[in-house]
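In our numbering, the protein residues as written are 16 to 574.
Using N, Cα and C, we set each Cβ at its ideal position, and we do this for glycine too.
Source: prediction; values computed, not measured.
Notes follow the structure.
The structure is reproduced here in structure tokens:
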């Protein structure tokens, strides 16, 4: 038995489990003992039973797997919590089905200022692109908008466009577009945040999006009642995470307000998940505004709530042609996308952030964006000196052979989402695979290629862009199939996929010495599953459910 603190009664023990520790020195066990928020012993059932006292809480795993708590390395907590109350349109296809879902939702929410749908496929109407006229035919007299799963495109009806003041268009920054119709009015399709922000603001939920849209603070500051409502949204999101076995969150949008809300929840009842919130640097900011990122890092640095990271968007997404490519899109041969920063602007930004000792995480989907971000990280190393920075590239949906080895060479983390490859989970093959083109398929969503080249690959969901469930993502990673015969196999083994949600997640936040494995002295963050994951067929992994989540030695979810 592996043990620390011998001779003391445990606060909590987990027995009868198939413990998969992710610790190479002690990979399997039957039971775990916890005290004061940390693991004190891992061993067989009889040995751990000896640490049970009269007040010890006992969790019977009933033969189910016990894993380190899942570390969700890329998600959006505040907006995700809000969207749990929105109309969910994933899997809806055809005008009649869309009409039925929207009208039913509108009837359920008669007093809503703005009706919002989420997760609608780009191909919901087949080859026909959605316009405001389609939505007007469904709901003409109430403002309505709906977002694509990637949250980079929205469609709005005429009422919403009028109320938002953008029916006649508006001048926007690079990478954003209000698609205009032949009649000189907005067609209804809105690409990127500057375009659809005014429409979403009608819903009265602008504060939940500030960490994404501006990186700034509420102005005016919310009333006590509004602040309490925002804390409830955060609680809803945190509970959703705990329900899915998540014990640590690396949020990918942020501002000081989110940290304050979470700090208030922590003071009131404690947090059910550990949360890292970045400062979101936008392309309209100036480098001196990074001082706020340093302040956030200095103020919040506990094991429960921390900052210390700067999030940046370099490009958009493939489906709306806003991702930045090295070579033109296969279905748009005159277009490579428009970056949100020039290459030199990003180099200057990366050097400035790195000089402050902060971690950088950059949304980079196209291979052109990935290259520009790696160039920025390389410049930061040359100018500031090499350090253990663990800067990150988020998504990497397409890359190039020349850039693959640079991840390991520069010590850059590849943050990737098993739910994102079209056909792997919820996203349809089209239009994405045609937009990328067969020549780039071998290096699209190239988890295996990057890992084999020595990169640290960490997995996440990007919730609410995709389903939050780590088990679904693990299944998608294990079952990944190439789009064409002869393309490389990018799938992960079960062990690798679990590690990408635990061990690598801890490494991504400089916490591999305290979490990501089940080991005496480490944080008591774990999840108990409904069955043995190792004995479950890959095609049946989705049937596994978290039955108990423990974070910091406290039960945060019980089925």
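query                                                                                                                                            : result
Please name the residue in 118, 165, 125, 88 whose C-alpha comes closest to that of residue 135.                                                 : 165
Can you tell me which of the three DSSP states residue 529 falls into?                                                                           : coil
Can you give me the C-alpha to C-alpha distance between residue 263 and residue 241, rounded to a whole angstrom?                                : 26 Å
Which first and last residues belong to the beta strand (DSSP E) in which residue 170 is found?                                                  : 168-171
What does the Cβ neighbour count give for residue 79, buried or exposed, with the cut at 16 atoms within 10 Å?                                   : buried
Is the separation between the beta-carbon of residue 204 and that of residue 144 shorter than 8 Å?                                               : yes
Under the assumption that residue 9 contacts residue 333 (Cβ atoms under 8 Å), give the Cβ distance between them as a whole number of angstroms. : Only positions 16 to 574 of the chain appear in the structure, and residue 9 is not among them; the question remains open.
Taking residue 400 as the reference, which of 390, 366, 441 has the closest Cα?                                                                  : 366
Of the choices 120, 435, 462, 373, whose alpha-carbon is the least far from that of residue 524?                                                 : 373
Is residue 388 helix, strand or coil by DSSP?                                                                                                    : helix
Hey, residue 32 and residue 46 are a contact pair by Cβ (cut 8 Å); roughly how many whole angstroms apart?                                       : 6 Å
What's the call for residue 195, buried or exposed, on a 16-neighbour Cβ count within 10 Å?                                                      : exposed
Does the pairing of the region 525-537 with the region 63-77 give three or more beta-carbon distances under 8 Å?                                 : no
Determine the closest residue to residue 326 out of 231, 276, 250, 450, with distance taken between C-alpha atoms.                               : 231
Suppose you measure from the CA of residue 455 to the CA of residue 557; what does that come to, to the nearest Å?                               : 30 Å
Give a yes or no on whether the C-beta atoms belonging to residue 102 and residue 132 are separated by under 8 Å.                                : yes
Are the beta-carbon atoms of residue 331 and residue 412 separated by less than 8 Å?                                                             : no
Just checking, does the region 214-230 make contact with the region 50-57 on the three C-beta pairs under 8 Å criterion?                         : no
Bridge partners of residue 564, per DSSP?                                                                                                        : 542, 572
Considering Cα atoms alone, identify which of 574, 543, 553, 244 is closest to residue 85.                                                       : 543
Return the CA-CA distance between residue 123 and residue 155, expressed in angstroms with no decimal places.                                    : 17 Å
Any idea which residues DSSP pairs residue 374 with across the strands?                                                                          : 324
Hey, out of 520, 550, 559, 569, whose CA is closest to residue 90's CA?                                                                          : 520
Determine the contact status of residue 291 and residue 265, defining contact as a CB-CB distance below 8 Å.                                     : yes
Which residue's Cα is closest to the Cα of residue 276: 105, 138, 233?                                                                           : 233
Which residues share a DSSP beta bridge with residue 75?                                                                                         : 30
Where does residue 567 land, buried or exposed, given buried means 16+ other C-beta within 10 angstroms?                                         : buried
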